[in-house]
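Student: Below: one structure in structure tokens.
Numbering (my numbering), first residue to last: 131 to 283.
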């Protein structure tokens, strides 16, 4: 697409099914590298990736050649398949349905990177569900309580 110029920064937030803490430190870095490869293979630019044992945050510079939903489907399907094929866990790994996608201007990118890099510190005082609801409210996203990530089952 010659003569097409964009600057699109998207933060994705998504959780392990039932928010089980299945992303162990023993394979977390490998998982992040694998997801980074997916993002690069789809011609987007990874700016930050981090999370906790039950969820992930990813900030990318997104190209307009692919939809958000298509990219998320590829990331979640391929990464869960990869985790299961590697047999990192004794149980089947799955991502929870859905995700959050939030856009930022260039002037906010460094703050978002810092936010993502400091997940461990942030979650000493705040649950994932509290954090996620804050995102939805801050971005004025209409949501249905029935579909918000619930407590562990």
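Positions of the beta carbon are idealized from the N, C-alpha and C atoms, including for glycine.
Predicted model only: the values in this text are computed from it and were never measured.
(1) Would you identify the three-state DSSP class for residue 286, choosing helix, strand or coil?
(2) Output the distance between the C-alpha atoms of residue 168 and residue 278, rounded to the nearest integer angstrom.
(3) Rounded to whole angstroms, what's the CA-CA distance from residue 173 to residue 134? Just pull it up for me.
(4) Would the segment 228 to 238 count as touching the segment 148 to 164 if we require 3 or more Cβ pairs under 8 Å?
(5) Inspect the beta-carbon positions of residue 145 and residue 269 and report whether they are closer than 8 Å.
(6) Alpha helix (DSSP H) containing residue 168: first to last residue?
(7) Would residue 141 be called buried (16 or more neighbouring beta carbons within 10 Å of its own) or exposed?
(8) For residue 271 and residue 143, I'd like the C-alpha separation in whole angstroms.
(9) Does residue 263 come out as helix, strand or coil in the three-state DSSP assignment?
(10) From 187, 179 and 180, pick the residue whose C-alpha is nearest to that of residue 265; which is it?
(11) Excluding sequence positions up to five away, which residues of its chain have a Cβ less than 6 Å from the Cβ of residue 207?
(12) Report back the beta-carbon spacing between residue 226 and residue 276 to the nearest angstrom; my notes put them in contact at under 8 Å.
Tutor: Let me spell this out:
(1) In the structure displayed, the chain extends from 131 to 283; residue 286 sits before or after that span and is not available.
(2) Each residue's Cα considered, the two are about 27 Å apart.
(3) The alpha-carbon of residue 173 is positioned some 15 Å away from that of residue 134.
(4) As far as the Cβ criterion goes, the segment 228 to 238 does not touch the segment 148 to 164, which means the pair count is below three.
(5) With contacts defined by Cβ atoms closer than 8 Å, residue 145 and residue 269 do not form a contacting pair.
(6) Under the DSSP assignment, residue 168 falls in the alpha helix (DSSP H) whose first and last residues are 155 to 171.
(7) Result: buried.
(8) Roughly 14 Å between the two C-alpha positions.
(9) If DSSP states are grouped into helix, strand and coil, residue 263 belongs with the helices.
(10) For residue 265, the closest alpha carbon among the candidates 187, 179 and 180 is that of 187.
(11) Closer than 6 Å at Cβ, skipping near neighbours: no residue.
(12) About 14 Å separates the beta carbons of residue 226 and residue 276, which is beyond the 8 Å limit, so they are not a contact pair.
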